[in-house]
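A.B. asks: Read top to bottom, the protein sequences are chains A and B. Heads up: the first sequence begins at 124 in the working numbering, then just goes up one per residue. Heads up: the second sequence begins at 124 in the working numbering, then just goes up one per residue.
There are 2 protein chains.
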Amino acid sequence: MAEDETPIRFGIMGCAEIARKMSRAIHLSPNSTLVAISSRSIEKAKQFSIKNKLSENVKIYGSYDELLDDPLVDAVYMPLPTTLHLKWAVMAAKKHKHLLLEKPTALDVKVFDEMLEACESNGVQFMDASMWYHHPRTAIMKDLLSNSELFGRVKAIHSSSSYCGTQQFLENDIRVKPDLDSLGALGDTGWYCIGAILWAMNQKLPTTVTALPNTQQNSAGVILSCSASLHWQEEGTIATFYSSIISHETMELAVCGSNGTLHVKDFIIPYEESKATFSFTSGAKFVDLHIGWNVKPREVEVDSRLPQEAMMVKEFSGLVKGIKDGRLDPDMKWARTSRCTQLVLDAVKNSIDNDCKAVQM
Amino acid sequence: MAEDETPIRFGIMGCAEIARKMSRAIHLSPNSTLVAISSRSIEKAKQFSIKNKLSENVKIYGSYDELLDDPLVDAVYMPLPTTLHLKWAVMAAKKHKHLLLEKPTALDVKVFDEMLEACESNGVQFMDASMWYHHPRTAIMKDLLSNSELFGRVKAIHSSSSYCGTQQFLENDIRVKPDLDSLGALGDTGWYCIGAILWAMNQKLPTTVTALPNTQQNSAGVILSCSASLHWQEEGTIATFYSSIISHETMELAVCGSNGTLHVKDFIIPYEESKATFSFTSGAKFVDLHIGWNVKPREVEVDSRLPQEAMMVKEFSGLVKGIKDGRLDPDMKWARTSRCTQLVLDAVKNSIDNDCKAVQM
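Structure follows, in structure tokens:
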């Protein structure tokens, strides 16, 4: 049927730097098309259109309301500052626009639940824009972690996500402004660490979350770097992470199991777009005399036909398509994943604000 | 001078499994020779001699006292259970035997200081048998970490050291017996994690040490796995580690700096004896659109002419030679390194025993 091939029509709300990558992703995804962009400043939106060589058919709006009122827009990608998510996500849901929301989803889970309630009551699909879940490498890594023989039970996890903000960035970016993104590094790079740890634990919440004492904040109190530990009492599993916007670039996940170990150094954004690697070791022992190992890590290479962000858009648009066609209800899996991450993020923030007190979940 | 070529004459006190590797190392080291072995059981010592094809010139003693009374023994390698270190290390020092002591050095720093005092007052060289410090890779990694441009300041460190003890091991090995090695995994694999973290921090002690809540103990209370965080207040640096004898084999060190990142996955015992690798990244940034990185980690390969344990013996014997020849006093650098590790290990143990309370150092 021709109907089945109609692409999902996207509007972008906010012309942030990340929207450049996402406008390309919407273009590359086979079941999506970009139909409108909006900014509070029509000039900024026009410049964005020119810089990214958008088609002349892409409408340019000087306000978010106009975009949300456009009946030709099925779904919105929203890279607004976190503080603005509640207002505009709820507004989008009320206008029956499906919502692909940039992370961190909200300042806290209470706000998240308000947005989610709006999505649910209006029957719109929700997904946060964590791209790495959609890379084919992620599914292959998950298969290995789920293999009881090769990997066994998860015993320890460590994740690190950091980059080195320039002086300009550290003075002006929305991520260091308390009125725009008061979660700072925790909401930005910490979101990925927490997400990766929960991903390895199949979204099971930890028993206890404890911030470590290295939190650094700017003069306005916004977090520039922090660490935390997560503990699952029943499993005896421990996870730690380091999140920073004032360190060298890292995107690491190391998972140690009872029978195997997995390492990936670029889990959020692979070094290269067309392929990605990770390493896996299973059944490692010492050779006689303990002068070496019986196995070395296996480097696994995974090809990627589409960039991970285009895979994300494709997945999201497929769900939206099902809802539009009346075949599917909104898939709550992605909201549940975001909510778990948000809950742990809140606990880390709570622990930071209370002198690294352990927070029971 | 012929005198200068006389090798240092070693005795081994205790025929533990690790002594097999060390008898080979003493043989491979160009300035050392094995002249005697001892065990509480003469039969065990004889079997050790046969199994390891020792020369018939190597004397076999059925008691430690006999070995220590042998005037032809210059130095002893002591792989005894930790609980026995104090008695026999002090005895060895009093008999003017230089001391290469297996780790963990002691049950606590008070005991360590007693042993060290005996070494100092008798003018004997002390070194703990942590072999990885002596691999040429370690020096090359240190050079990179010390490069202010390529690496910058240390911001975060994570280390993991684990292996999967067999049922037999977990029931019978000295490392799970409270009367022999009550530090369990912390003293065994944790010693390396703490050592590696302190190595990266140039032996500066942390401000605070806090155990994480995942300690697992056997029915006798011996630690089978644990984790901790170390914090340096002035630097804002955080370190975490995972130590276990009930997980898959890991030997990891990841150091994130302000300008670079270093990773090594086999820092304690390299995968292969003749060469070892690590990876290093410096100045990593995203490419335009954030769809990849400008650099990938550089894999650095380091050849090793001698196994690291033979390098250790060579270093130790060189120091002993200098003392014997009257050219040198005992070099206290190695004792200081061991003592720092012991102090942090004590703090972790203290925190574990006090419900993960932060321990100020």
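C-beta: ideal position from N, C-alpha, C; glycine also. Note that the coordinates shown come from a computational prediction; the quantities given were computed from them, not determined experimentally.
Roughly how far, in whole angstroms, is the beta-carbon of residue 223/A from the beta-carbon of residue 199/A, given that I think they are within contact range, below 8 Å?
C.D. replies: Residue numbering aside, residue 223/A sits at position 100 when the first sequence is read from its first letter. Residue numbering aside, residue 199/A sits at position 76 when the first sequence is read from its first letter. With 8 Å as the limit, residue 223/A and residue 199/A qualify as a contact, their Cβ atoms being about 7 Å apart.
A.B. asks: With a cut-off of 8 Å, does the C-beta of residue 389/A fall near any C-beta of chain B?
C.D. replies: Taking the first sequence and counting its residues from 1, the one referred to as residue 389/A is at position 266. Judged by the 8 Å Cβ criterion, residue 389/A is in contact with chain B.
A.B. asks: With a threshold of 6 Å on Cβ separation, who are the neighbours of residue 157/A within its own chain once the five nearest residues in sequence on each side are excluded?
C.D. replies: Looking up residue 157/A in the first sequence gives position 34. Counting only Cβ-Cβ distances below 6 Å, and skipping sequence neighbours, we find 133, 146, 149 and 181.
A.B. asks: Quick one: which chain A residues come within Cβ less than 8 Å of residue 170/B?
C.D. replies: Residue 170/B sits at position 47 when you count from the first residue of the second sequence. In chain order: nothing, as chain A lies at least about 16 Å away.
A.B. asks: Under the DSSP definition of a beta bridge, which residues are partnered with residue 134/B?
C.D. replies: Along the second sequence, one-based indexing puts residue 134/B at 11. According to DSSP, which records beta bridges pairwise, residue 134/B is partnered with 159/B and 199/B.
A.B. asks: I want to see whether chain B comes within less than 8 Å of residue 354/A, judged by CB atoms only; does it?
C.D. replies: Taking the first sequence and counting its residues from 1, the one referred to as residue 354/A is at position 231. So, interface residue.
A.B. asks: Can you give me the Cβ contacts of residue 299/A inside the same chain, cut-off strictly under 7 Å, excluding the 5 residues immediately before and after it?
C.D. replies: Counted from its first residue, the first sequence places residue 299/A at position 176. 293, 307, 341 and 345.
A.B. asks: Name the two residues that bound the continuous alpha helix (DSSP H) containing residue 255/B.
C.D. replies: Taking the first residue of the second sequence as position 1, residue 255/B is located at position 132. It is not in any alpha helix (DSSP H) - residue 255/B carries neither H nor E in the DSSP assignment.
A.B. asks: Please name the residue or residues paired with residue 389/B in a DSSP beta bridge.
C.D. replies: Taking the second sequence and counting its residues from 1, one reaches residue 389/B at position 266. Answer is 374/B.
A.B. asks: Thinking C-alpha only, which one of 369/B, 362/B and 332/B is nearest residue 312/B?
C.D. replies: Taking the first residue of the second sequence as 1, we reach residue 312/B at position 189. For residue 312/B, the nearest C-alpha among the options comes from 369/B.
A.B. asks: Taking residue 416/A as the reference, which of 399/B, 428/B and 405/B has the closest Cα?
C.D. replies: By one-based count along the first sequence, residue 416/A stands at place 293. Here the closest residue by C-alpha is 399/B.
A.B. asks: Tell me whether residue 483/B sits in a helix, a strand or coil according to DSSP, three-state version.
C.D. replies: What you label residue 483/B is simply residue 360 of the second sequence in a count that begins at 1. Residue 483/B falls in the strand class under three-state DSSP.
A.B. asks: Determine whether the Cβ of residue 327/B lies closer than 8 Å to any Cβ atom of chain A.
C.D. replies: Translated into the one-based positions of the second sequence, residue 327/B becomes position 204. Chain A, which has no Cβ nearer than 8 Å to the Cβ of residue 327/B, makes this no.
A.B. asks: Helix, strand or coil: how does DSSP classify residue 347/A here?
C.D. replies: Here residue 347/A is taken as the residue at index 224 of the first sequence, counted from 1. If DSSP states are grouped into helix, strand and coil, residue 347/A belongs with the strands.
A.B. asks: Please state whether the Cβ-Cβ distance between residue 462/B and residue 234/B is less than 8 Å.
C.D. replies: Against the second sequence, residue 462/B aligns to sequence position 339. Against the second sequence, residue 234/B aligns to sequence position 111. In this structure, residue 234/B does not lie closer than 8 Å to residue 462/B by Cβ.
A.B. asks: Please determine, among 190/B, 138/B and 143/B, the residue with the shortest C-alpha to C-alpha distance to residue 167/B.
C.D. replies: Along the second sequence, read from residue 1 onward, the residue named residue 167/B stands at position 44. Looking at the Cα atoms, 138/B is the closest of the given residues.
A.B. asks: Can you list the residues of chain B that residue 371/A reaches, using a CB-CB cut of under 9 Å?
C.D. replies: Counting from 1 along the first sequence, the entry for residue 371/A is found at position 248. Neighbours of residue 371/A on chain B, chain order: 274, 275, 278, 379, 380, 381, 382, 383, 384, 404, 405, 406 and 407.
A.B. asks: For the beta strand (DSSP E) containing residue 427/A, name the first residue and the last one.
C.D. replies: Stepping through the first sequence from its first residue, residue 427/A is reached at position 304. First-last for residue 427/A: undefined, no H or E at that position.
A.B. asks: Give me the Cα-Cα distance between residue 460/B and residue 225/B, rounded to the nearest whole angstrom.
C.D. replies: Reading the second sequence from its first residue, position 337 is the one you call residue 460/B. Reading the second sequence from its first residue, position 102 is the one you call residue 225/B. Looking at the two C-alpha atoms, the distance is approximately 14 Å.
A.B. asks: Nearest by alpha-carbon distance to residue 210/B: which of 467/B, 193/B, 143/B and 229/B is it?
C.D. replies: One-based indexing of the second sequence puts residue 210/B at position 87. For the residues 467/B, 193/B, 143/B and 229/B, the minimum Cα distance to residue 210/B belongs to 229/B.
A.B. asks: Quick check on residue 287/A - is its C-beta less than 8 Å from some C-beta in chain B?
C.D. replies: Position 164 of the first sequence, counting from 1, holds the residue named residue 287/A. At least one chain B Cβ lies under 8 Å of residue 287/A.
A.B. asks: Over the uninterrupted alpha helix (DSSP H) stretch that includes residue 323/A, give me the two end residues.
C.D. replies: The residue you call residue 323/A lines up with position 200 of the first sequence. First-last of the alpha helix (DSSP H) with residue 323/A: 314 to 323.
A.B. asks: Please classify residue 124/B as buried or exposed, where buried requires at least 16 other C-beta atoms within 10 Å of its C-beta.
C.D. replies: In the second sequence, counting from the first residue as 1, residue 124/B sits at position 1. In this prediction, residue 124/B has a pLDDT of 39, which is less than 50 and means its spatial position is unreliable; nothing more can be read from the coordinates.
A.B. asks: If you compare alpha carbons, which of 356/B, 315/B, 305/B and 441/B is closest to residue 389/B?
C.D. replies: Within the second sequence, the letter at position 266 stands for residue 389/B. Of the candidates 356/B, 315/B, 305/B and 441/B, the one whose C-alpha sits nearest the C-alpha of residue 389/B is 315/B.
A.B. asks: When you compare each of 260/A, 348/A, 309/A and 428/A to residue 422/A by their alpha carbons, which one comes out closest?
C.D. replies: Here the question's residue 422/A lines up with position 299 in the first sequence. Per the Cα distances, 260/A.
A.B. asks: Do the CB positions of residue 154/B and residue 441/B come within less than 8 Å of each other?
C.D. replies: For the purposes of this step, residue 154/B is identified with residue 31 of the second sequence, where counting begins at 1. For the purposes of this step, residue 441/B is identified with residue 318 of the second sequence, where counting begins at 1. Yes. Within cutoff.
A.B. asks: What do you reckon, are the CB atoms on residue 329/B and residue 355/B nearer than 8 Å?
C.D. replies: In the second sequence, residue 329/B corresponds to position 206, counting from 1. In the second sequence, residue 355/B corresponds to position 232, counting from 1. It is a contact, given that the beta carbons lie within the stated cut-off.
A.B. asks: Would you call the stretch 260 to 276 of chain A in contact with the stretch 236 to 247 of chain A, where contact means no fewer than 3 C-beta pairs closer than 8 Å?
C.D. replies: The stretch 260 to 276 of chain A, when compared against the stretch 236 to 247 of chain A, does not touch it at the 8 Å Cβ threshold.
A.B. asks: Name the residue from 383/B, 175/B, 429/B and 289/B whose alpha carbon lies nearest to the alpha carbon of residue 287/A.
C.D. replies: Walking along the first sequence from the start, residue 287/A turns up at place 164. Ranking 383/B, 175/B, 429/B and 289/B by Cα distance to residue 287/A puts 383/B first.
A.B. asks: Would you list, in chain order, the members of the stretch 256 to 274 of chain B that have their beta-carbon closer than 7 Å to a beta-carbon of chain A?
C.D. replies: Per Cβ criterion, the list is empty.
A.B. asks: When we look at the beta-carbon of residue 194/B and count the other beta-carbons within 10 Å, is it buried (16 or more) or exposed?
C.D. replies: One-based indexing of the second sequence puts residue 194/B at position 71. The residue is exposed, with fewer than 16 neighbouring Cβ atoms inside 10 Å.
A.B. asks: Starting from residue 184/A, follow its DSSP beta bridges and name the residues at the other end.
C.D. replies: For the purposes of this step, residue 184/A is taken as the residue at position 61 of the first sequence. Per DSSP, 161/A.
A.B. asks: What in chain B is Cβ-close to residue 415/A, meaning under 8 Å?
C.D. replies: Position 292 of the first sequence, counting from 1, holds the residue named residue 415/A. Here the neighbours are 392, 393, 394, 395 and 396.
A.B. asks: Counting contacts by CB-CB distance shorter than 8 Å, is residue 359/A in contact with chain B?
C.D. replies: For the purposes of this step, residue 359/A is taken as residue 236 along the first sequence, with counting starting at 1. True, the Cβ-Cβ gap to chain B drops below 8 Å.
A.B. asks: Among all the DSSP beta bridges, which residues are the ones paired with residue 228/A?
C.D. replies: In the first sequence, counting from the first residue as 1, residue 228/A sits at position 105. Answer by DSSP bridge pairing: none, since residue 228/A is not bridged.
A.B. asks: Between which two residues does the alpha helix (DSSP H) harbouring residue 475/A extend?
C.D. replies: Along the first sequence, one-based indexing puts residue 475/A at 352. Element bounds for residue 475/A: 456 to 476.
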